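Quick note: to get the numbering used here, add 42 to the position in the sequence shown (first position is 1). Just below is one structure, and these are the notes that go with it.
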Amino acid sequence: MKKAAAIYIRVSTDHQAEEGYSIEAQKEQLSAYCISKGIREYEFYIDGGWSGSNIERPEMQRLIKNVKDDRISHVIVYKLDRLSRSQKDTLYLIEDIFNPHGVAFVSLHETMDTSTPMGRLMIGILSAFAQLERENIRLRTRMGMKERVKSGLWTGGGRVPFGYDYDKGRGILVQNQDAEKVRQIYQLYIEGKSSQEIANILGLKYDRLVYQILTRKSNYGMIEYNGEEYKGQHEPIITKETYDIAMRCMLDRSKVRANTSEHLLTGLVYCGKCGAKMRYLKWGNKGYKFVCYSQQTSKPYLVKNPDCEQEKLWADEVENVVIRSLFEFANNYKPSETESLAPDDTLSLLYKQQETLNKKLKKLYNIYADTDDDNESLLETIRDLKKQMKSVNKQIELDTQNDIVFARRRERTQILSTVGELWDTMDSSQKKTVIRKLVNKIEICDNHVHIDFSI
């Protein structure tokens, strides 16, 4: 079969075309090279609009196939990075595809020909530099983005959080008309409404959206980037306290869902070596053992370290340790003064104050509407009342949250005071409920059990 030279051309962006890398410019120079070298048989392979970061390009794949079919004598490119910007891919093409089939590689810009030893050496060196430059560009981009986020600016692009718009000029998030919905979502969730109920009440399409909104730290003024958090310049929709209470409610509800299991500690146990969850696993006729999910293949998404060496412990032994520790904790626990106090009934006074301010504002707005000219003193009074209203509303929000927090603490204190004497009279469901109200997390490392109590 008669072989032909392959002229490979790649242009990824319009910007490259403007800088002289256009398809026509490359075709002209490369065909002139072939003529000058007496190469009469050649074919164009053109990938327009494709990145050089990998070789999954249509014409590149056709080129590789034709090389393997021994239909090509040369591969000729205008510049080395037109073939690939990856050192790994460049060396793969030359060493594993072109060379085994006797195909010479020529880069016009670098005056390079792999049919010579020096040409093969220079290919490796230049590929390394091309890869280094690409990594440097990526690093500079990431560093620039990190500095931007550290200064409190939004990352730009991508999805803007619900409740905000992106102000490109200032580089920050600004609240929009949905911000009030975000506040309502937190309030309704803390009051006990489910995600689906909240979605129905507020007209949201999916209950999953409620969960996504609840867990966004941007709502209380933070920006997450590459696993780190930075204080944003945007105005928070909620307070950090509101967010923390919602997350605590979410954890409590996940424990309640786990309460449907037949086992006492389902959903609470984690591996202290790799951080993965641990599960009950039937162990013959002797009972159950706790096994790290990293050592299982049933749920790959739960694997943290496939080489985890955490020991498998008998579940009943771990349960006994947890129960003994719970009794010991209960015997030594002394409630704080705030836990024993009854909540101050200030909310009713705040609501009355809110109602009074609303009436005053309405009256002043009516007076201002009937006035023919601007009344600066009246406007100043309205501004002062609005400031008072904002302060009262914030205090109502805080007091509502505090009431919920204190109620939860008092409930746990009451459980701790009676758990020792009532434990043996409880059924399995009641015991699981008690455990989930009092324990945040159980961590097993080797044969040591650590318990994180929620009080």
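For every residue, glycine included, the Cβ atom is placed at its ideal position computed from N, Cα and C. The model shown is predicted, which means the values in this text are computed figures rather than measured ones.
Restricting to Cα atoms, I'd like to know which of the options is closest to residue i.
i, options, result
"K473", "S340, L307, F495", "L307"
"C316", "R82, S433, C487", "C487"
"P203", "N242, V252, E189, I240", "V252"
"V119", "R104, E137, P100, I88", "I88"
"Y285", "L122, M264, H305, G269", "M264"
"K346", "K324, V364, G314", "G314"
"L72", "L391, V117, I279, L427", "V117"
"S367", "V461, I106, L323, A318", "V461"
"K69", "G80, R52, I81", "R52"
"G269", "I280, K405, K188, I493", "K188"
"A357", "V364, I280, K331", "K331"
"V311", "F495, E101, L427", "F495"
Residue i: buried (16+ other C-beta within 10 angstroms of its C-beta) or exposed?
i, result
"K44", "exposed"
"G329", "exposed"
"T380", "Caution is warranted here: a pLDDT of 47 is assigned to T380, below 50, making its placement in the model unreliable, and the coordinate value is therefore given only provisionally. So T380 ends up on the exposed side."
"R124", "buried"
"G257", "Looking at the sequence provided, one finds Thr at residue 257 rather than Gly. The residue in question, T257, is exposed, as its Cβ has fewer than 16 Cβ neighbours within 10 Å."
"Y393", "exposed"
"A74", "exposed"
"G309", "buried"
"N400", "exposed"
"K192", "exposed"
"A384", "With a pLDDT of 46 at A384, under the threshold of 50, the modelled position of this residue cannot be trusted, and the question is left open."
"I240", "buried"
"K429", "exposed"
"S149", "buried"
"S382", "Caution is warranted here: a pLDDT of 47 is assigned to S382, below 50, making its placement in the model unreliable, and no coordinate value can be reported."
"R478", "buried"
Quickly, what does DSSP pair residue i with across the bridge? List them, please.
i, result
"L215", "Y208"
"R321", "V333"
"K235", "Paired residue(s): none; K235 is not in a bridge."
"V53", "G90"
"D249", "Beta-bridge pairing links D249 to no other residue."
"M264", "K273"
"C316", "In DSSP, C316 forms no bridge with anything."
"E485", "Y312, H492"
"H116", "A146"
"E85", "A48"
"D155", "V148"
Give the C-beta separation of residue i and residue j to the nearest angstrom, bearing in mind that I take them to be a contact with Cβ-Cβ under 8 Å.
i, j, result
"K273", "G194", "6 Å"
"Y206", "V216", "6 Å"
"I457", "V476", "6 Å"
"A318", "S340", "Actually they are not in contact, since the Cβ atoms of A318 and S340 sit about 12 Å apart, beyond 8 Å."
"K259", "E271", "6 Å"
"Q395", "V434", "5 Å"
"I484", "V364", "6 Å"
Can a CB atom of chain D be found closer than 8 Å to the CB of residue i?
i, result
"V216", "Looking for chain D here will not work: only one protein chain is present."
Taking only runs of the beta strand (DSSP E) that begin and end inside the segment 323-362, which ones reach a length of at least 3 residues, in chain order?
-> Listed in chain order, they are 330-334.
Could you give the uninterrupted runs of the alpha helix (DSSP H) lying entirely in the segment 125-153, keeping only those of 4 residues or more?
-> The segment 125-153 contains these whole alpha helix (DSSP H) runs: 129-133.
Minimum length 4: unbroken alpha helix (DSSP H) runs contained in the segment 411-439 = Taking only runs of at least 4 residues, no alpha helix (DSSP H) segment lies wholly in the segment 411-439.
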